[in-house]
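Enquirer: All residue numbers for the sequence shown refer to full-length UniProt numbering, where the first residue is 1 and numbers rise by one.
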Amino acid sequence: MTEAEKLAAASEIHALKARYFRTMDMKDWAGLEATFAPDLVADFRESTGQQDESQLTHGAAAYVAKLAPILQHVQTVHHGHMPEIWIEGPDHATGIWAMEDKLWVQDGSPLPFKWMHGYGHYHERYVRVGGDWRIQEIRLSRIRVEVG
Numbered sequence: 001m002t003e004a005e006k007l008a009a010a011s012e013i014h015a016l017k018a019r020y021f022r023t024m025d026m027k028d029w030a031g032l033e034a035t036f037a038p039d040l041v042a043d044f045r046e047s048t049g050q051q052d053e054s055q056l057t058h059g060a061a062a063y064v065a066k067l068a069p070i071l072q073h074v075q076t077v078h079h080g081h082m083p084e085i086w087i088e089g090p091d092h093a094t095g096i097w098a099m100e101d102k103l104w105v106q107d108g109s110p111l112p113f114k115w116m117h118g119y120g121h122y123h124e125r126y127v128r129v130g131g132d133w134r135i136q137e138i139r140l141s142r143i144r145v146e147v148g
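1) Are the beta-carbon atoms belonging to D39 and R139 less than 7 Å from one another?
2) Quick one: Cα of residue 151 to Cα of I70, how far?
3) Per DSSP, Q75 forms a beta bridge with which residues?
4) Tell me whether L7 sits in a helix, a strand or coil according to DSSP, three-state version.
5) Closer than 6 Å by C-beta to W104: which residues in its own chain qualify, once you throw out the five before and the five after it? Chain order, please.
6) Would you mind listing the alpha helix (DSSP H) stretches within the UniProt domain "SnoaL-like" (6-138) that are 4+ residues and don't spill past its ends, in chain order?
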């Protein structure tokens, strides 16, 4: 790949991650699912600050079906910062994003807290599907989680 092609691919991945954050916060579940490759591996076992084996999910549809009811009664704000993107070939890339999220839990939510403020990193693998970049693997590691 030329440097121009690598820069274009990195720019497309930046836009993909922006759609991921926006669709999650707007509860656009179809839009969120479209950011993932169908064979997604979603590893959120460390996302609460503790190891939770139930938070490993295979498949984009299964992941969104699991996430949507949890966040139904939660207002969320997610931000991604300082991406490090490595283009490994015309159809494969990896990346790490610093992240911050805030959650405000409303009545009716299954979550055991009223609010959460988290910091960490997304570790991702990307693949081109039908000419468009998609998240194929996503893992969230936390640095700090504050809950109340």
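Beta carbons are placed, not taken as given, at the ideal position from N, Cα and C, and that holds for glycine.
Just so it is clear, the structure is predicted and the values come from calculations on it, not from any experiment.
Expert: Let me spell this out:
1) No, Cβ-Cβ distance for D39 and R139 is not below 7 Å.
2) Given a span of 1 to 148 for the chain in the structure shown, any question on residue 151 remains unanswerable.
3) Looking at the DSSP output, Q75 shares a beta bridge with W104.
4) Correct three-state label for L7: helix.
5) For W104, where only same-chain residues beyond five positions count, the Cβ hits under 6 Å are Q75 and W115.
6) Fully enclosed alpha helix (DSSP H) runs of no fewer than 4 residues occupy 29-33 and 60-71 of the UniProt domain "SnoaL-like" (6-138), in order along the chain.
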